[in-house]
Amino acid sequence: MRVQGPNLASGNAGAVAAAQMELGRLSAGVSKALNKFVHNNRNKPLTTSTLDKVQGRFWSGNNEDQVAASSLTEKLWEVSAGAVTAVIEAQSEKQGIKNHNFAKVPVIGSTREGLDIVIGFKDKGEELEAVSLDVNPGGSSINVARALTNFGTPFELVGIAGLGDVGRQFLKALEKEGINTDDLYRVSEDTRFHFSTAVNGNEYWLVSRSPKLSSTEVDQFTDVLLAACTKNEKEILALANNSPNGANEMYMPEIIEETQDKHGMFVIYDPKFRAISPGEMHAVLWKGPGMIKPNLSELGQIVNIDAEALRNDRDLLIHMAQQMLKQYGIKMALISMDKDGALLIDKKRVAYAPAPQIKVASPGCAGDTGIAAVIDITKKRNFMPGKLTDPQFKRVLGAFVAGGAATAAKPGSNIATLKEMQELEKDVKPIFV
15 MRVQGPNLAS GNAGAVAAAQ MELGRLSAGV SKALNKFVHN NRNKPLTTST LDKVQGRFWS
75 GNNEDQVAAS SLTEKLWEVS AGAVTAVIEA QSEKQGIKNH NFAKVPVIGS TREGLDIVIG
135 FKDKGEELEA VSLDVNPGGS SINVARALTN FGTPFELVGI AGLGDVGRQF LKALEKEGIN
195 TDDLYRVSED TRFHFSTAVN GNEYWLVSRS PKLSSTEVDQ FTDVLLAACT KNEKEILALA
255 NNSPNGANEM YMPEIIEETQ DKHGMFVIYD PKFRAISPGE MHAVLWKGPG MIKPNLSELG
315 QIVNIDAEAL RNDRDLLIHM AQQMLKQYGI KMALISMDKD GALLIDKKRV AYAPAPQIKV
375 ASPGCAGDTG IAAVIDITKK RNFMPGKLTD PQFKRVLGAF VAGGAATAAK PGSNIATLKE
435 MQELEKDVKP IFV
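FYI, in the working numbering the residues of the sequence shown are 15 to 447.
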């Protein structure tokens, strides 16, 4: 939620005022921390040039830079903790999903969650002025859970929460959104946070380290996840794209194999090469998850073809995607193409849906909301995700595109409502190609 957004209307007025006051302090603290990181005068006004330098050094991979980056994230939390707490306190509480008629529910498996801190800057030419602050629980699977809560579809969330200050605010933010945190396994190290901003169409991300689990903590978290799949066998399992920090490289492939073979779960996996190594990614694919959701860049990395070549040649894209499905034994692929819409492909069918006309505010959580929309429609309509009829095949694709677009139109890391998604879905007309 954001400090000046409409969803504060029903919040506590005093808490809202406190959050707005904290925004000014946050802006000054962040500016000094980022300038110091790139050896500028700490009192220099923050500019896009400084953000570019910060981003380059933070993600450089150089050992010295990584040590400095760790210190930077510690400082960012120090200067933002007051504002984060104020924003979460100001948020009005949502009603959770309590009563439903489903004997079993989808399982959302989260392994790299965190607190999203998104500061909005206005570019005044000579400097950047902070104008908004969004704070939400985040991470790909957490965003799927948040969207399902907005859509009114029950689920069981299994994840990790640290016991430090960030972890406490993360749990509070989830509870404010009406999400049950009982199955979030508590670990000794703190939850991570993602600090980001978007200026003039460019996104900047700074991320603290994920809590590292001991071997005992990995085993106990796995027990919680498998217990949820035992209770909800033959349901959908939406997995995070990487293993818990501290698990071995084969952790995720083994989870996919066990949950599919022993519990009959239909696994949805969102591949991201920047999150895991190429070797681990291909090990995951060889387990044949039920559905994967690559974008064009990720598909290009899997099939070893440039993403723009795939974008410009639809026949090549479809051919390579179907070859990939056959090679790995994957049932279907949802391929997101941002402004060009999306494709849903199985070994025999291909459906295409154009993207609806929207003004993109922030694309960060769009794909996660799209996955939630797929889960939502299959659960509410009683579709069998591995055995979709032709009309169901197109409905699933339409829901995915509408859900993603509805969230992309919202600022920061905010998630679309069911009404916003359904309004766009009316204009999405998937066709077989």
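Just so it is clear, CB atoms sit at the ideal spot from N, CA and C, and this is done for glycine as well.
Note that the structure is predicted; figures quoted are calculated from it, not measured.
Within its chain, find whatever has a CB closer than 6 Å to the CB of Met346; leave out the 5 residues flanking it on each side and keep chain order.
As a working note, residue 346 is residue 332 in the sequence shown. Once the five neighbours on either side are set aside, the close Cβ partners of Met346 are Met305, Asp360.
Can you look up Ser224 in the DSSP assignment and give me helix, strand or coil?
Position 210 of the sequence shown, counted from the first residue, corresponds to residue 224. Correct three-state label for Ser224: coil.
I'd like to check one pair, Ile389 with Pro120: are the Cβ atoms closer than 7 Å?
Translated into the one-based positions of the sequence shown, residue 120 becomes position 106. Translated into the one-based positions of the sequence shown, residue 389 becomes position 375. In contact: Pro120 and Ile389 (Cβ atoms closer than 7 Å).
Roughly how many angstroms separate the alpha carbons of Ala161 and Phe135, rounded to a whole number?
Along the sequence shown, one-based indexing puts residue 161 at 147. Along the sequence shown, one-based indexing puts residue 135 at 121. Cα-Cα distance, rounded: 26 Å.
Whole angstroms are fine: how far does the CA of Gln341 sit from the CA of Asn21?
Mapped onto the sequence shown, residue 21 falls at position 7. Mapped onto the sequence shown, residue 341 falls at position 327. Model confidence at Asn21 stands at a pLDDT of 38, short of 50, so the residue's coordinates are unreliable; what they give is reported in the following sentence. If you take the alpha carbons of Asn21 and Gln341, they lie about 47 Å apart.
Say whether the stretch 421-435 touches the stretch 400-409, bearing in mind that this needs 3 or more beta-carbon pairs closer than 8 Å, one atom from each stretch.
no
Is Ala187 helix, strand or coil when you go by DSSP?
Counted from its first residue, the sequence shown places residue 187 at position 173. Ala187 falls in the helix class under three-state DSSP.
Could you check where the alpha helix (DSSP H) with Ile156 kicks off and where it finishes?
For the purposes of this step, residue 156 is taken as the residue at position 142 of the sequence shown. Here the alpha helix (DSSP H) through Ile156 covers 154-165.
Met15 (DSSP reduced to helix, strand or coil)
On the sequence shown, position 1 is the one that residue 15 refers to. Confidence is the limiting factor: at Met15 the pLDDT is only 48, short of 50, which leaves the residue's position unreliable and the question unanswerable from this model.
May I ask which residues mark the beginning and end of the beta strand (DSSP E) holding Ile131?
Translated into positions along the sequence shown, residue 131 becomes position 117. Per DSSP, Ile131 belongs to the beta strand (DSSP E) from 128-137.
Note down the Cα distance separating Leu37 from Val145, rounded to an integer number of angstroms.
Locating residue 37 in the sequence shown gives position 23, counting from the first residue. Locating residue 145 in the sequence shown gives position 131, counting from the first residue. Using only the alpha carbons, I get a separation of about 8 Å.
What is the DSSP secondary structure of Arg200, counted as helix, strand or coil?
Position 186 of the sequence shown, counting from 1, holds the residue named residue 200. The answer is strand: DSSP assigns Arg200 an E or B state.
Residue range of the beta strand (DSSP E) that includes His208:
Here the question's residue 208 lines up with position 194 in the sequence shown. 206-213 is the extent of the beta strand (DSSP E) around His208.
Taking just the CA atoms, how far does Gly128 sit from Gly96?
If you number the sequence shown from 1, residue 96 lands on position 82. If you number the sequence shown from 1, residue 128 lands on position 114. So the two alpha carbons sit approximately 17 Å from each other.
Measuring CA to CA, which of Asn318, Gly178, Ser94 is closest to Arg39?
Here residue 39 refers to the residue found at position 25 of the sequence shown. Nearest C-alpha to Arg39: Ser94.
What does the alpha-carbon distance come out to for the pair Lys408 and Pro308?
For the purposes of this step, residue 408 is identified with residue 394 of the sequence shown, where counting begins at 1. For the purposes of this step, residue 308 is identified with residue 294 of the sequence shown, where counting begins at 1. Approximately 18 Å between the Cα atoms of the pair.
Straight-line gap, Lys276 to Val44 (C-alpha atoms, nearest Å)
As a first step, residue 276 is located in the sequence shown; it is residue number 262 there, counting from the start. As a first step, residue 44 is located in the sequence shown; it is residue number 30 there, counting from the start. About 49 Å.
Rounded to whole angstroms, how far is the Cβ of Pro258 from the Cβ of Leu227, which I believe are closer than 8 Å?
Your numbering for residue 258 matches position 244 in the sequence shown. Your numbering for residue 227 matches position 213 in the sequence shown. Indeed they touch by this definition, with Cβ atoms about 5 Å apart.
Which of the three DSSP states is assigned to Leu432 in this structure?
Position 418 of the sequence shown, counted from the start, is the residue given in the question as residue 432. Helix, per DSSP.
Rounded C-alpha distance that separates Leu185 from Arg200
Translated into the one-based positions of the sequence shown, residue 185 becomes position 171. Translated into the one-based positions of the sequence shown, residue 200 becomes position 186. Cα to Cα, the separation comes out at about 10 Å.
Within 7 Å, strictly: CB atoms of Leu331 and Leu324
As a first step, residue 331 must be located in the sequence shown, where it is residue number 317. As a first step, residue 324 must be located in the sequence shown, where it is residue number 310. Yes, they are a contact pair.
Opposite Glu247 in the DSSP bridges: which residues?
In the sequence shown, counting from the first residue as 1, residue 247 sits at position 233. Glu247 is not bridged to any residue.
Alpha-carbon to alpha-carbon, Val442 and Pro368:
For the purposes of this step, residue 368 is identified with residue 354 of the sequence shown, where counting begins at 1. For the purposes of this step, residue 442 is identified with residue 428 of the sequence shown, where counting begins at 1. The straight-line gap from Cα to Cα measures roughly 7 Å.
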